[in-house]
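Using the numbering used here, the letters of the sequence shown correspond one by one to residues 19 to 213.
Glycine included, C-beta positions come from ideal geometry on N, C-alpha and C.
None of these values were measured; they are calculated from a predicted model.
Input: a single structure, listed below in structure tokens.
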Amino acid sequence: MPVQVAYNLRFHPVIIALRKALEGKTIFATHIIAGQHLSQWRPGRDMLSTYSASKAAGGGVVRDLSHELDLAQHVLGPLSLITSHSARVGNVTVDSEDVAAAILSSTSCPLITIHLNYLDRQPRRHWLIITETGPIEVDLIKSTLSINGNVETIPLAPDETYKRMHQAVLAGETGPCDWDEGIAAVVLADRIAPL
Numbered sequence: 019m020p021v022q023v024a025y026n027l028r029f030h031p032v033i034i035a036l037r038k039a040l041e042g043k044t045i046f047a048t049h050i051i052a053g054q055h056l057s058q059w060r061p062g063r064d065m066l067s068t069y070s071a072s073k074a075a076g077g078g079v080v081r082d083l084s085h086e087l088d089l090a091q092h093v094l095g096p097l098s099l100i101t102s103h104s105a106r107v108g109n110v111t112v113d114s115e116d117v118a119a120a121i122l123s124s125t126s127c128p129l130i131t132i133h134l135n136y137l138d139r140q141p142r143r144h145w146l147i148i149t150e151t152g153p154i155e156v157d158l159i160k161s162t163l164s165i166n167g168n169v170e171t172i173p174l175a176p177d178e179t180y181k182r183m184h185q186a187v188l189a190g191e192t193g194p195c196d197w198d199e200g201i202a203a204v205v206l207a208d209r210i211a212p213l
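Here is the structure:
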């Protein structure tokens with residue numbers, strides 16, 4: 019039985035629509051930003067007592083938001099890291115990074131920037147893709163896809179990404195993150211924010 023990694027956001031209907039919208043397009047640059055204040059992640063729990071706040075526990079924004087790394091490779095192809103920086107700049111963790119940025123490239127996109135943070139009081143998961151035919155914007159929180167300013171809201175049912183992921187695994191489809199892709203995301207996370 020093949021090993022699959024539970025990167026469920028591959029099954030977000032906006033990501034599915036984005037992949038279709040990008041077919042045959044030349045991509046010049048992609049900018050991804052994802053962030054949410056760590057205190058909002060697990061309401062009712064002290065954020066400093068969670069694994070996210072501690073390097074030794076495997077925490078840090080890059081590992082928590084490694085979904086963005088997987089989505090980038092899923093949409094744009096295998097990623098090559100050019101440079102990165104991560105740091106603890108706020109008071110939301112004990113010692114893990116709460117902000118990170120990476121500059122990457124892939125065969126389909128020469129410039130990819132990814133910014134991740136635990137500091138954003140306004141949760142966001144946003145993409146801006148510059149293509150030869152105009153900009154494409156994605157907002158995974160609002161579930162919108164904008165192509166050249168034409169915004170489409172794509173409905174997202176509760177737990178839909180998990181259900182679609184499990185259905186794909188049970189059907190033996192190729193959409194779920196496989197072992198090699200999962201390892202690539204983890205290795206990239208380790209290069210961006212070494213433990």
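Of the residues the options, the one placed nearest residue i, counting alpha carbons only
i, options, result
"L146", "A24, A52, Q22 and F29", "A52"
"P173", "T162, A189 and I50", "T162"
"L99", "E115, P128 and S72", "P128"
"T149", "S126, A189 and A118", "S126"
"G167", "I34, P153 and V23", "P153"
"I165", "P20, L27, A39 and R28", "A39"
"A211", "H133, G78 and P176", "G78"
"S72", "H85, D116, H103 and M183", "D116"
"V93", "T48, D64, P61 and A105", "T48"
"P20", "A202, A203 and C195", "C195"
"N26", "S114, P96, G190 and Q185", "Q185"
"Q22", "D208, Q91, V187 and I33", "V187"
"G95", "E86, E170, S102 and A119", "E86"
"A203", "V80, F46, Q58 and I34", "V80"
Coil, strand or helix - residue i by DSSP
i, result
"Q91", "helix"
"Q58", "helix"
"S84", "helix"
"T171", "strand"
"E199", "helix"
"V156", "strand"
"S67", "helix"
"V187", "helix"
"A205", "Residue identity differs from the one stated: residue 205 is Val in this sequence, not Ala. In the structure shown, V205 sits in a helix (DSSP, three-state: H, G or I)."
"T179", "helix"
Cβ-Cβ separation, residue j to residue i (assumed contact under 8 Å), whole Å
i, j, result
"I130", "L122", "4 Å"
"D88", "E199", "7 Å"
"V110", "L56", "4 Å"
"T151", "K43", "6 Å"
According to DSSP, residues forming a beta bridge with residue i
i, result
"A211", "BP columns for A211 are empty, so no partner."
"G53", "N135 and R142"
"I148", "A47 and P153"
"V23", "C195"
Item to check | 3-residue-minimum beta strand (DSSP E) runs that sit fully inside the region 94-146, ordered along the chain | outcome: 98-105, 117-123 and 130-135
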